[in-house]
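There are 2 protein chains.
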Amino acid sequence: MRASAESNGGGADDDAAQVMGDGRHARHVTLKDVAELAGVSVSTVSLVMNEKKNARIAVKTQERVNRAIRELHYRPNALAQNLVTGTSKFIGLLTDSIATTPFAGQIIHGAQDRAWKQGYVLLIVNTEGNEDIERQAIRMFLEYKVHGILYSTWYHHEITLPQSLKDMNTVLVNCYSDTENLISVVPDEFNGGRTAAKMLLEQGHRRVAFINTTVESPARTGRLAGYRRALAEQGIAEDPSLIVDAEPTQEGGRAVAEVIRASGATGVCCHNDRVAMGLYDALRNRGIMVPSDISVVGFDDQEVIAAHMLPPLSTVALPHYELGASGVDAVLAPPVHLDDHRVLIACPAVHRESISALD
Amino acid sequence: MRASAESNGGGADDDAAQVMGDGRHARHVTLKDVAELAGVSVSTVSLVMNEKKNARIAVKTQERVNRAIRELHYRPNALAQNLVTGTSKFIGLLTDSIATTPFAGQIIHGAQDRAWKQGYVLLIVNTEGNEDIERQAIRMFLEYKVHGILYSTWYHHEITLPQSLKDMNTVLVNCYSDTENLISVVPDEFNGGRTAAKMLLEQGHRRVAFINTTVESPARTGRLAGYRRALAEQGIAEDPSLIVDAEPTQEGGRAVAEVIRASGATGVCCHNDRVAMGLYDALRNRGIMVPSDISVVGFDDQEVIAAHMLPPLSTVALPHYELGASGVDAVLAPPVHLDDHRVLIACPAVHRESISALD
DNA sequence: GTGAAAGCGCTAACAT
DNA sequence: ATGTTAGCGCTTTCAC
Numbered sequence: 001m002r003a004s005a006e007s008n009g010g011g012a013d014d015d016a017a018q019v020m021g022d023g024r025h026a027r028h029v030t031l032k033d034v035a036e037l038a039g040v041s042v043s044t045v046s047l048v049m050n051e052k053k054n055a056r057i058a059v060k061t062q063e064r065v066n067r068a069i070r071e072l073h074y075r076p077n078a079l080a081q082n083l084v085t086g087t088s089k090f091i092g093l094l095t096d097s098i099a100t101t102p103f104a105g106q107i108i109h110g111a112q113d114r115a116w117k118q119g120y121v122l123l124i125v126n127t128e129g130n131e132d133i134e135r136q137a138i139r140m141f142l143e144y145k146v147h148g149i150l151y152s153t154w155y156h157h158e159i160t161l162p163q164s165l166k167d168m169n170t171v172l173v174n175c176y177s178d179t180e181n182l183i184s185v186v187p188d189e190f191n192g193g194r195t196a197a198k199m200l201l202e203q204g205h206r207r208v209a210f211i212n213t214t215v216e217s218p219a220r221t222g223r224l225a226g227y228r229r230a231l232a233e234q235g236i237a238e239d240p241s242l243i244v245d246a247e248p249t250q251e252g253g254r255a256v257a258e259v260i261r262a263s264g265a266t267g268v269c270c271h272n273d274r275v276a277m278g279l280y281d282a283l284r285n286r287g288i289m290v291p292s293d294i295s296v297v298g299f300d301d302q303e304v305i306a307a308h309m310l311p312p313l314s315t316v317a318l319p320h321y322e323l324g325a326s327g328v329d330a331v332l333a334p335p336v337h338l339d340d341h342r343v344l345i346a347c348p349a350v351h352r353e354s355i356s357a358l359d
Numbered sequence: 001m002r003a004s005a006e007s008n009g010g011g012a013d014d015d016a017a018q019v020m021g022d023g024r025h026a027r028h029v030t031l032k033d034v035a036e037l038a039g040v041s042v043s044t045v046s047l048v049m050n051e052k053k054n055a056r057i058a059v060k061t062q063e064r065v066n067r068a069i070r071e072l073h074y075r076p077n078a079l080a081q082n083l084v085t086g087t088s089k090f091i092g093l094l095t096d097s098i099a100t101t102p103f104a105g106q107i108i109h110g111a112q113d114r115a116w117k118q119g120y121v122l123l124i125v126n127t128e129g130n131e132d133i134e135r136q137a138i139r140m141f142l143e144y145k146v147h148g149i150l151y152s153t154w155y156h157h158e159i160t161l162p163q164s165l166k167d168m169n170t171v172l173v174n175c176y177s178d179t180e181n182l183i184s185v186v187p188d189e190f191n192g193g194r195t196a197a198k199m200l201l202e203q204g205h206r207r208v209a210f211i212n213t214t215v216e217s218p219a220r221t222g223r224l225a226g227y228r229r230a231l232a233e234q235g236i237a238e239d240p241s242l243i244v245d246a247e248p249t250q251e252g253g254r255a256v257a258e259v260i261r262a263s264g265a266t267g268v269c270c271h272n273d274r275v276a277m278g279l280y281d282a283l284r285n286r287g288i289m290v291p292s293d294i295s296v297v298g299f300d301d302q303e304v305i306a307a308h309m310l311p312p313l314s315t316v317a318l319p320h321y322e323l324g325a326s327g328v329d330a331v332l333a334p335p336v337h338l339d340d341h342r343v344l345i346a347c348p349a350v351h352r353e354s355i356s357a358l359d
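In order, the protein sequence lines correspond to chains R and G. By full-length UniProt numbering, the letter at position 256 of the first sequence is numbered 256, and the numbering carries on one by one without gaps. By full-length UniProt numbering, the letter at position 290 of the second sequence is numbered 290, and the numbering carries on one by one without gaps.
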């Protein structure tokens, strides 16, 4: 058996390795090898491999071919396949920062899962904000004939699109560019803010404070608008003293604790979990307990923090996984009829123990 | 010139674009196109593109070719290149979880940076522990003819290697398998523990507690050994009551606060930042202040937490970035003369404000 | 100096 | 039902 060995003639000795079927160093078994072993033509092998439905191959032949494939541990060469079909199975993913935040990971994860399910593989490059890397990466994507490109940022904001992306099948993830017509997959900030407020309102809170971020962004404006809508829906008049700005960090949360205390709010929506964490600290230092004295809601759902605070923090999740997944969907099958080219992804409530019921 | 525009006939209006050299939708310009425009053969173009030194091309020809390349916005087809040279520029990266931890991100980032610098691109797949995905991923790596594979885990532990990886150029990152001869790139737990203890010792602390993790792992044994060594180096006798176990979470830290207080330790090494965070909480509830009453050192350097605690936490960093980067190095150029096939990566001290000096 | 030609491993008509 | 024949876009001898 393994007659193919001879057919290679007295050629190079470098692939005697093939001898034992243990797969070790099975130096590039090709279609031709399989064909020879099975005693058929390469096209036949190709046909059975791809299970083409039109071309009917005799069952016996199929078996023979399959046996050969297994014996030789044959794996098709994706590069050759891509070349001949003229179409790769790559999707490029450009992220501005995978390092400085746990978030990007989830976007990648979502994109990866979805792409995988459709038979695509992700070419990921992290630019860490470096425009040079960005340019090179796009070039590389081009050279690998990617099907499309996901351009993602770690927090939701406006970007100016690299020139070279304009000509490609690009979708923006967690960012947008109003000067382009590209599809943007972004979190639904408005309803996220509304959800946060409602979590408190539904438990009977009427005086709910809102700690906004100081950084200009869709999160800042969108969530505030959502909060207002939620109040309005309950017929609660807005009290400006209940709305305060803070840096979106633990420090920011600590800084506004006094204002929050003084406001007489029974519940407070924080811009993110980190702010909530700082707020917890500073509140406790004043002898104010969560949730018995005051209820708090976070935003983001950063597991490492939110789930392990004391008490565990009720929050609104930023749907990073879904952002990545929907991004891939949009690249593979561009949705039509979008408002403003946006695909809005919901921010779901995550109930834990930082909210108490008021009656 | 640009006669090709006509050859598209009256077709879709979407790529009349080719007309102006603005690159829009430049549908697959090939070597041949460039050759024709420049009035030379494809081989000539190939030669100038690759700046082959042996084949000397007339400077004038080079210029002509380069002009054509620029005009056409020509980019080589990496798939074709890889096919003909028989060697891809891919490195596969298998991670068990990018989702549940911020750490994997850093490994990816390091690997990505290093690979990029050497002209390689990463094929990343996140298995989230799913063996089926793992198998498929490895198959895929094979099909894309990757140069090598990085198998990485989110925390340092022993693994049993998937059968199919044994025949490949694989390096283990943040994990190891004692039954295989594969190179492992792992954090130097021993010296990490030693460093943590020394941070306290160097400030004059003599009674330093050690909160170990309950989960069996190189971190558990290695760091403890390092702590012991550090004590020994200072001629301090070990006090068993100073060594306690706890779950490696905030909850674990809170749980042992009382034991720590009772131990009379002036400083404590925590298994990780999260434990330190819980300890902070519980200590403060008892009116014990960090660092004036007690000094604490963390481990991991999880930025979101450590840098923003009150006071900011001094800690020992887990070198995830370097793990990924060195992993790529090992795949591309296997180091020789390793002890136990391990490449040990240092865990550096990160000084912040949770340690006070004793005199 | 430069071009012609032979593939790399595969798919897809078109024959048979 | 299966084999033959062209390429896909590129690199690389080997002639001229």
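Backbone N, C-alpha and C define an ideal beta-carbon position, used for all residues, glycine too. These figures come from a predicted structure and were not determined experimentally.
Neighbours of residue 139 of chain R across chain G, judged by C-beta separation under 9 angstroms: 75.
Rounded to whole angstroms, the gap between the alpha carbons of residue 291 of chain G and residue 354 of chain G is 5 angstroms. Residues of the segment 292-314 of chain R that bring their beta carbon within less than 8 angstroms of a beta carbon in chain G comprise 302, 303, 304, 305, 308, 309 and 310, in sequence order. In this structure, residue 92 of chain G places its C-beta atom within 8 angstroms of the C-beta atom of residue 146 of chain G. Taking residue 243 of chain R as reference, the option from R:233, R:257, R:235 and R:234 with the minimal CA-CA separation is R:257. Residue-level contact check: residue 152 of chain G does not touch chain R, since none of the beta carbons of chain R fall below 8 angstroms from its beta carbon. DSSP places residue 191 of chain G in the helix class (H, G or I) of the three-state scheme.
Ranked by Cα distance from residue 196 of chain G, the options G:271, G:322, G:259 and G:249 are led by G:271.
Put simply, the CB of residue 69 of chain R is far from chain G, with every gap to its CB atoms at 8 angstroms or more. In this structure, G:320 is the residue among G:306, G:203 and G:320 with its C-alpha nearest to the C-alpha of residue 104 of chain G. Around the C-beta of residue 47 of chain G, 16 or more other C-beta atoms lie within 10 Å, and the residue is accordingly described as buried.
For a Cβ distance threshold of 8 angstroms, residue set 79 of chain G lies close to residue 88 of chain R, ordered along the chain. The segment 82-111 of chain R is shown to contain no whole alpha helix (DSSP H) run of 4 or more residues.
Exposed is the label assigned to residue 204 of chain R, since fewer than 16 other Cβ atoms lie within 10 Å of its Cβ. For residue 280 of chain R, there is no enclosing beta strand (DSSP E); the residue is found in the alpha helix (DSSP H) stretching over 273-285. Rounded to whole angstroms, the gap between the alpha carbons of residue 122 of chain G and residue 124 of chain R is 7 angstroms. For residue 347 of chain R, the closest C-alpha among the options R:322, R:130, R:138 and R:229 is that of R:322. Put simply, the CB of residue 66 of chain R is far from chain G, with every gap to its CB atoms at 8 angstroms or more. Contact check for residue 226 of chain G against residue 193 of chain G passes: the beta carbons are separated by less than 8 angstroms. Taken through DSSP and simplified to helix, strand or coil, residue 303 of chain R comes out as helix. Excluding its 5 nearest sequence neighbours in each direction, residue 350 of chain G has C-beta neighbours in its own chain below 6 angstroms: 301, 315 and 317, listed in chain order.
Around residue 126 of chain G, the beta-carbon contacts reaching into chain R at under 7 angstroms are 109 and 112. Cβ-Cβ distances below 6 angstroms link residue 168 of chain R to 149 in the same chain, with the five nearest sequence neighbours on each side left out; the list follows chain order. For residue 83 of chain R, the chain G residues whose C-beta falls within less than 7 angstroms of its own C-beta are 79, 80 and 83, listed in chain order. Assigned with DSSP and collapsed to three states, residue 343 of chain G falls in strand. Closest option to residue 171 of chain G, judged by alpha-carbon separation, among G:339, G:69 and G:324: G:324.
Residues of the segment 229-259 of chain R whose Cβ lies closer than 9 angstroms to any Cβ of chain G, in chain order: 249, 250, 251 and 254.
If you compare the alpha carbons of R:139, R:305, R:259 and R:84 with that of residue 240 of chain R, the shortest gap goes to R:259. Straight through space, the alpha carbons of residue 151 of chain R and residue 334 of chain R are spaced by roughly 15 angstroms.
When secondary structure is reduced to three states using DSSP, residue 172 of chain R falls in the strand class. The three-state reading of DSSP puts residue 119 of chain R in coil, since its state is none of H, G, I, E or B. Boundaries of the beta strand (DSSP E) harbouring residue 150 of chain G: 148-158, taken from the DSSP string. For residue 274 of chain R, the neighbours in chain G by C-beta distance under 8 angstroms run, in chain order, 304 and 308.
With respect to residue 246 of chain G, residue 275 of chain G sits close: the two C-beta atoms are nearer than 8 angstroms. Leaving aside the five residues that flank residue 280 of chain G on each side, the residues in its chain whose CB is nearer than 7 angstroms to its CB run, in chain order, 290 and 309. The beta carbons of residue 341 of chain G and residue 183 of chain G sit about 5 angstroms from each other, so the pair counts as a contact at 8 angstroms.
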